[in-house]
Structure formats: structure tokens, C-alpha cells
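Residue numbers (full-length UniProt numbering): 1 to 790.
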């Protein structure tokens, strides 16, 4: 029993040394048995101090102690700090430093081997990334804040480095033989130049073309095209093409040609009387393996014409051109035949007597140089050239337009289509604005163009405009001025004299020419500028495109007549006027339209003058009030009728819709015709302009007070009438605008289906001059299109 008690006591004591706390998940992981001895020595991290490694060819390489703290900008380093903690145990800190110009492999390997070092030491610390110029204070303290940056890199990258291709300078003489360009190489010497020919000097990064004075223009053009092909297909457009004629050679060209001092006088090239050039026809050999020996049979060439089809991809060929020997390697040819062909070509070149500048060139199938292709009939790569583009366009976008377009992000601004319609101005707001603007108006003088000069407009004609005339209105506005505190004693008269502004409105009818504007700028405007100086502002406005402030001065009595003022002042013709306001009561106009019963609408008011006696100029004036028209507009129409016509010679009769007399009213309008009884389009009309004038396709919305002249001849317009969406095509718009406008209109109609499901729109197309009534009714005073002077 005593033995059992003793064993139990020993077991209890052993059990006290075992920790009951469970291990952390990362401590419980079994680490793979990796061997880091190839990267780090056994003594690493066992002695307090700093140890540094540089990354070279993917591997860490320990740096001498004297070089620690001196970092190359193109390298990456691993730094280990070893120290003793309070318990005299080893403690480690691991940093990896990345230079600003380090390669990708060095950056990655420094991070990877920093983790390998931590695993090798069994350290619990984390690896800390440090970048050049952004080091932490903790890292700088390792070196006493004394870090030296050295330009360049000391170690090699593990990646393959691309060496620049070395080009052997070659001089080629170009001439045509039976319309085929023949190219032959010559020594790179100034004496070889001949004024009868064109020469091409290829030095790799530059291609020089020398035009002899007596060389043919066709050869010059073909030489330039050859250089373009060489640059595009062989040099990736990295070579510079330099052209010059005989006598204008660049100094660098002369130095390459053997002229030591180009600044000294140089005798011009002369015609070589003893021309050593012999047109040798190329010989084509096929390299093959026979029974233990090499075969070099000559390929039979029919009609002495080399063709591309003679070269088979499974074979290797040698093309002997006397001054050039080419070894053509098919893609499916064997390695043994390729190696044999390269060796055989060297022996063939040395076997026959050739010029000193003769060389052997290796040519892979699919990468043939232009000089090699020129030896074959019909082997010509066509370079697409757009002769419609200017030199400025090519310089800006490059020669390859498709490549440039693929890189561009196509920009289009369609935001106007998805914005809400501009709300109509209320009557109260319009009345307030008109009162404010007219309170500021101190005086208004009116002028009209008669002949070649402007005369004062009679008082009774203010508010009457004619479509073939031009008018000038000089408006003087009172402008309140803030008086500075130190000038409180300034006389009141001086303050009033300075507190004004003059605005000159030049109004031009839609059928008037530009001569009126020119007359104004050289006569009346000069006079106003001398009187008012910098207080003068000139505003040119066109019919039905007036701003709200100008319209407010006529207090809704704005009448536009057709024709010229002098000719129609006492007219005896039938006249019809349509009163309508667009988007605001301020934009109310009374416009003369063609007398036609089909133009009536139950939602508007009209004035119809029917003459009786041409001698006495008498007649009757009907004020036609639509059954759905506004009461205020009805009263306004009656006022306008009394103002428009002399009540002594014309009797005025107010007619409500349905009370029209047959004899005079309908007869004057050409008989009864069906007309619209609804004008719901007034609550939905929107006009959009599609244009490329900003350099990209954009859509902008016209204000609600739009007119016929807003239809731009060189653009596409989109009109929403509430029931239809019209695409109006101008006579000078581009096909690109048409396609983009069509897509935009489709998107617009789809968006309206979600916003207004109860009012679906139908997409329609209309051309200039072919507009239907469904389109024209949205425009107040629609008439013939203006003739555009080319």
C-alpha cells in the first residue's frame, strides 16, 4: 500500500508541471521541414548587431559590414537586427528595404526571403516593409539616421535583359526596271552617290533617303513608301525617316558616308561613267539532308520570276543576291537543317568573289525584311494611307486612325434628355418681373431702318414689328449704386447721373438681311458709344428669340407682321393673327400667319381682318375666341385688335367659337376646314439639339419659348410633342449625328415610358421642308424656311 501511495504522490507532482492552457491555433500548426541553409549561414542571428543581405539573381547575398547603410536605388535589401532582451534571450527585428528604381523580381524576392529568414530563426516578429524616402523612425535608428542613397544598381536582375539590336549601316540604290523597284546594296561611301538615282541609308534608328537631282519622281515616291514599310514592319514605328535632296544633306548623313568634316566644301556627287553595278538575277537554293550528306539543289525559277509561293514552310532556303545572301528559315523546318543552312551560307558567301560590304542575313518566316521581299515578284505589303487627312491631323492622332480611336473613350452627353421639363412661369411671377423691369426703365427710344439709315419710330408703332425690317431700341435703366461711407456728402445729382446703364437692342426680322446690322454698327452704334462710353451694352436679337427683359417693355403687346413696314402699312389683303404665349405670359406674341381655317385651335385666340372697300380701306375685324382659351388672353386679343386697326374704318366684332358668320369669316379663310380642338402639346413640348460642336456628341435643350429658327440646319433636333417624338434632320448634318440622335431618341422614349406610362410616345422622322402639321403646330407662327446663302 505504501508503494501505491508513493507512486500516486510522484504522479501528482509531475502533473503540476504540465500546463492545462491549450495551444494557439498557429502554434499547433506543424511547419513543413524546409531547409534554408542554402540562403543563410548557421551563425546568422546568434550575435547581437546588424546583418544585411542584398537581392541578386533572385537570391539573398550577404553584404560586408562596411557597406551596411549604403543602399543602391536600384536594389532591395534585407536587414536583421539581433539584440538581447531582459531575460538575456535573443530578440530579432527583420526589415526589407525597397529602392525607388528596383525591378519587380528584387521587390518580390526581398519580401519572400525576409519571411524565409524569420522561419529560419524561428522568430515570432513580423517582417517590416520599408521604401526609399519613406522609412520609419525605427528603421532609421538602426543606422543612427545615417543612410546613404547611391544611384543605379549594384546587383543584376534575375529577369532576362533585352539588349538593343545592333544595326549594320547599309546603303541601297533604288531604280525601276519594268515598273518594278530594284534594290541593290552599295558600300557606305560618299563616292557611291549618283545624281541619277535615289539612295536609302539604313542605320537602324534613322532611315535616310537621298534624292539625286536627276532621279525620277516615281522612284522618289517608291523610296519613301519603302522606308515607311521598313519603319512600320521592322522597327515598330520607332525609326525616324529623314529625306533630303542632293546638295541639302544633313551633316550626320555626310559623316556616315565617310566625310570627316561636313563643314568644309564638298564636291557634288558625279555620274559614275564606269558603273560597276551589274543587275545579277538572284539564285535560290533549297537546303536538304541526303544520305549522310547535305544537299543544295538550285530551285527552278520559271520565266526568271521569283515568287513567294516557291518558299515552303517545311524547308530552308538560301537566296544568293551577290551583295546579299539570305537564309530563309521556314516555321516547320527542322533544327538540324537550320543549323546546317547557316553554316553552309557562310561557306557559300566566302566561296564566290563578292564585294566587301556583302553580308549574310538570317530571315525567319513571317518576319521577312523589305529588302528580302523586294527580290520577289508581287510580294508587297500594302500600307493603308488616308489621303483625305491633313498633316496636322496625322501629327495629332497618329497615322493609324483605328488604333487611335480604339484608345479613345467615346464621350457623349445625354443628360439633358433625362432632366425634368422646365416648369411654366406663373401669372403672378410674370407680372412681378414685368413691373420690376419696367420700373427700372427710365426711357426707351425706338428707331427703324429706312433705306440706308435709321429713323425714329412713331410712337403709335412701338410694339409693331415687321419680318423684313430691323429695329433699334435704346433703353436707359436706373442702376442703384452703393455709396461709400466716406462719401456721404456727395451731391445727390452726381449719384443719379452715374447710376444708369444703357442697353441697345438690335431686333432683326427673320426675313431681313444682314445689311441692317452692318449699317447699325457703322453709324448708330458709333454715335451711342461716343455718348455713353463704357455704360453702353449692345444686344443683337432675332425675331421670336427675344429675351424676357426686352419683351416685358411691351407689356404683352408684341405684334409681328409679315413683310415690310412701308409696303404693308395700308394693306388691303386678308390678315390673320395668332396670339400665343410660350412658357410664360411675358412671352406673349401676336404673329401674323397665313389665313387658313385649318390653323385655328380651340385653345387660342385669333384676329382676322377682312377688307371690304379697297378705295376707302374699310373692312371688318373678327376677334375669334376659342372655346378653351384663357380669359385674360381673350381680353388681350380684343385690346390688340383695337390697337392694330383703325376703328373708324374697321368695325370690330368679337366671335366665340361656333358663332362665325358664313359670308365673311369662313369665306375669307378659304372655307370651313377641320381644326384642332385641343392644345395639350403646350404642356409637354420640348425641343432638343443634337450636335458635335463641342468635339463630342452632346444634347442640349432649348428654352420653352423656342421658334422655327431654332432648328439648326447642320444639326439634328428632337421634338417631344406629348404624343410623338420627332427626329428632325437638317440638310447639312452628318451621318454620325443621325445615328447617335436616333439612338438617343430611342433611349428618351424608353425613359418616358417609365416616367409617363399613360402618355406613350411614337417615334417619327421628319426632314427639313417635309414637316407635317403634327410637327409645325408646336411652333408659333410657322412659315417657310429661311434660304441659307452659301
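Cβ atoms here follow ideal geometry from the backbone N, Cα and C, with glycine treated the same way.
Asked                                                                                                                         : Found
Residue 772 to residue 674 span [Cα, whole Å]                                                                                 : 15 Å
Residue 613 - partner residues in DSSP beta bridges                                                                           : 618
CA-to-CA distance, residue 369 to residue 823, given in whole angstroms                                                       : Because the chain here runs from 1 to 790, residue 823 falls outside it and cannot be looked at.
Element boundaries [alpha helix (DSSP H), containing residue 750]                                                             : 735–755
Nearest-angstrom beta carbon gap, residue 607 and residue 644 [assumed within contact, 8 Å]                                   : 7 Å
Residue 101 beta carbon less than 8 Å from that of residue 78                                                                 : no
Status (buried if at least 16 other CB within 10 Å, exposed otherwise) for residue 263                                        : exposed
Residue 597 - DSSP class collapsed to helix/strand/coil                                                                       : helix
Rounded Cβ spacing between residue 684 and residue 630 (contact assumed at less than 8 Å)                                     : Contact flag wrong, Cβ pair sits at about 18 Å.
Paired residues, beta bridge with residue 60 - DSSP                                                                           : 55
Within the segment 99–135, ranges of the alpha helix (DSSP H) (whole runs, at least 4 residues)                               : 104–121
Three or more C-beta pairs below 8 Å linking the segment 546–559 and the segment 516–526                                      : no
Those residues which DSSP pairs with residue 192 across a bridge                                                              : Beta-bridge pairing links residue 192 to no other residue.
Cutoff 6 Å; reference residue 322; Cβ partners in own chain excluding five residues on either side                            : 280
Residue 419 - partner residues in DSSP beta bridges                                                                           : The partner list for residue 419 (beta bridge, DSSP) is empty, contrary to what the question assumes.
For residue 703: DSSP bridge partner residues                                                                                 : The partner list for residue 703 (beta bridge, DSSP) is empty, contrary to what the question assumes.
Segments of 3+ residues assigned as beta strand (DSSP E) that fall wholly inside the UniProt domain "Gelsolin-like" (301–372) : 316–320, 324–329, 359–364
Span separating the alpha-carbon of residue 790 from that of residue 769                                                      : Bear in mind that a pLDDT of 42 at residue 790, under 50, signals an unreliable position, so the number given afterwards is only what the model happens to contain. C-alpha separation (whole angstroms): 18 Å.
Spatial neighbours of residue 376 in its chain, beta-carbon cut-off 7 Å, leaving aside the 5 residues before and after        : 306, 307, 308
Limits of the alpha helix (DSSP H) - the one that residue 443 falls within                                                    : Run containing residue 443: none in the alpha helix (DSSP H); it sits in the beta strand (DSSP E), 441–450.
Residue burial classification, residue 294 (beta-carbon count within 10 angstroms, cutoff 16)                                 : exposed
Residue 44, DSSP secondary structure in three states                                                                          : coil
Whether residue 223 touches residue 200 by CB criterion (8 Å)                                                                 : yes
Where residue 287 falls: helix, strand or coil (DSSP)                                                                         : strand
Whole-angstrom distance between residue 442 and residue 436, CA atom to CA atom                                               : 12 Å
Cβ pair residue 657, residue 602 closer than 8 Å                                                                              : yes
Given residue 682 as reference, the closest of 612, 778, 669 once Cα atoms are compared                                       : 778
Residue 616 classed as buried or exposed, judged by whether at least 16 other C-beta atoms fall within 10 angstroms           : exposed
Residue span of the alpha helix (DSSP H) that contains residue 202, given as start and end                                    : No alpha helix (DSSP H) contains residue 202, which is instead part of the beta strand (DSSP E) from 198–202.
Three-way DSSP call (helix, strand, coil) for residue 218 in this model                                                       : helix
Start-to-end residues for the beta strand (DSSP E) that takes in residue 774                                                  : Careful: residue 774 lies outside any beta strand (DSSP E), inside the alpha helix (DSSP H) at 773–776.
Stretch pair the segment 344–359 + the segment 320–334: three plus CB contacts closer than 8 Å                                : yes
Cβ separation of residue 172 and residue 157, assumed to be a contact under 8 Å, to the nearest whole Å                       : Contact flag wrong, Cβ pair sits at about 39 Å.
Beta-carbon proximity check, residue 574 vs residue 610, cutoff 8 Å                                                           : yes
Stretch-stretch touch, CB-based, cutoff 8 Å, three pairs: the segment 743–754 with the segment 700–708                        : no
Straight-line Cα distance separating residue 62 from residue 119                                                              : 18 Å
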